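Engineer: Questions regarding the structure given below will be posed in turn.
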Amino acid sequence: MVRAMLSNLSFIKQSLCICLIVTSTTLIGQKEFPDLCIGEWEGMMMLYNSGELRDSVHVDFVVDQLANAAGYTWRKSYTSPKYNTVKDYKLLHDTLSSQFLLDEGDGLVLKVYSYGTSAYSMYQLEDVMFESSYQLVDDSTMIFEVAGGKVVDTTANEIVNYSYDFVQRVVFKRTNSIVKP
1 MVRAMLSNLS
11 FIKQSLCICL
21 IVTSTTLIGQ
31 KEFPDLCIGE
41 WEGMMMLYNS
51 GELRDSVHVD
61 FVVDQLANAA
71 GYTWRKSYTS
81 PKYNTVKDYK
91 LLHDTLSSQF
101 LLDEGDGLVL
111 KVYSYGTSAY
121 SMYQLEDVMF
131 ESSYQLVDDS
141 TMIFEVAGGK
151 VVDTTANEIV
161 NYSYDFVQRV
171 VFKRTNSIVK
181 P
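With the working numbering, the residue at position 140 of the sequence shown is 140, and numbering never jumps.
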């Protein structure tokens, strides 16, 4: 019986070592979320307000690593008969954490929290609460969403409820991978 227990213990130790090696190898080989996004993307942003589709805008999205490796170019070009604008942002490594900062220029900087193949931001501007997310579905598809709303009420146990006044959603398709020499 003691031999059987020792044999089982040895098997468990070997299995644990194999699991640790596989996990370590997998984690070392993983890229950061923005690295997985490098390339050129395009899609149609659907603009919802009060639960109804109100408009749509074509969006080109380019992600590339900055020359100084401090972060990434995060550029969106919006094109429609009503809108024609470029948002030339920088996604930078946050030196105080393992997350990122989205520098929108003009002093507007948002914290971005990366989890696996997704990234999230939540922030308040004046009296509107915003949440945004990027979700890399696979190598050729990424979903970007921004939603916002205002305080609806606060419950007796101090839970603050917000409305969803608007949602902007685009399903990007990769059109080109940027390859560095």
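Don't be surprised by glycine CBs; every beta carbon is placed ideally from N, CA and C. On a predicted model such as this, the values are computed, not experimentally measured, just so you know.
If residue 47 sits next to residue 55, beta carbons under 8 angstroms apart, how far is it from one beta carbon to the other, in whole angstroms?
Structural biologist: At roughly 4 angstroms, the Cβ-Cβ gap stays under 8 angstroms, so residue 47 and residue 55 are in contact.
Engineer: Based on DSSP bridge pairs, tell me the residues matched to residue 184.
Structural biologist: Lying before the first or after the last residue shown, residue 184 is absent from the chain, which here runs from 1 to 181.
Engineer: Quick check: what's the CA-CA separation for residue 21 versus residue 135?
Structural biologist: With a pLDDT of 33 at residue 21, under the threshold of 50, the modelled position of this residue cannot be trusted; read the value that follows with caution. The alpha-carbon atoms of residue 21 and residue 135 are separated by roughly 28 angstroms.
Engineer: Does the region 165-172 touch the region 137-152, meaning 3 or more C-beta pairs lie closer than 8 angstroms?
Structural biologist: Enough Cβ pairs lie closer than 8 angstroms, so yes.
Engineer: Which class does residue 66 belong to by DSSP, given the choice of helix, strand or coil?
Structural biologist: It is coil, neither helix nor strand.
Engineer: Below 8 angstroms between beta carbons: does that hold for residue 70 and residue 92?
Structural biologist: Result yes, Cβ atoms of residue 70 and residue 92 sit closer than 8 angstroms.
Engineer: Can you tell me the Cα-Cα spacing of residue 156 and residue 58, whole angstroms?
Structural biologist: Taking the straight line joining both Cα atoms gives about 44 angstroms.
Engineer: By DSSP's criteria, residue 99 is part of a beta bridge. Which residues make up the other side?
Structural biologist: DSSP output for residue 99 lists no bridge partner at all.
Engineer: Under the rule that 16 or more other beta-carbon atoms within 10 Å means buried, what is residue 51, buried or exposed?
Structural biologist: Exposed.
Engineer: Going by C-alpha to C-alpha distance, which of 75, 83, 148 sits closest to residue 125?
Structural biologist: The shortest Cα separation from residue 125 among 75, 83, 148 belongs to 148.
Engineer: Keeping to the same chain, check which residues put their C-beta closer than 7 angstroms to that of residue 74; ignore five residues upstream and five downstream.
Structural biologist: Excluding residues within five positions, the ones whose Cβ falls inside 7 angstroms are 63, 89, 90, 91, 102.
Engineer: Please name the residue or residues paired with residue 176 in a DSSP beta bridge.
Structural biologist: According to DSSP, residue 176 bridges with 40.
Engineer: Can you name, in chain order, every residue of its own chain whose Cβ lies under 6 angstroms from the Cβ of residue 189, other than the five neighbours on each side?
Structural biologist: Because the chain here runs from 1 to 181, residue 189 falls outside it and cannot be looked at.
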